[in-house]
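In what follows, a structure is listed as structure tokens, so that the remarks can point back to it.
Residue numbers (the working numbering): 19 to 94.
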């Protein structure tokens, strides 16, 4: 499977935050990878720069934009 685009992670991140619990990034990655049925190979795909995993990068951008829109707090 191809790693989803960053905007596809936004709604699942909001749903996850709606439980009012604090989730570590590791836990968030685990939950989202299961929801999107990503394999370990998918999760290990790197950006062209080779410096970061594509999956983690896209989840990070989704979080950033949700925070800028004030839909997530820094703790979420």
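Even for Gly, the Cβ is constructed at its ideal location relative to N, Cα and C.
- Going by DSSP, residue 49 is part of the alpha helix (DSSP H) stretching over 43-53.
- In this chain, the alpha helix (DSSP H) harbouring residue 59 covers 58-62.
- Burial check for residue 90: the Cβ neighbour count within 10 Å reaches 16 or more, so the residue is buried.
- Residues of the same chain with a CB within less than 7 Å of the CB of residue 27, apart from the 5 flanking positions on each side, are 50, 76, 77, 80 in chain order.
- A straight line joining the alpha-carbon of residue 69 with that of residue 38 spans about 32 Å.
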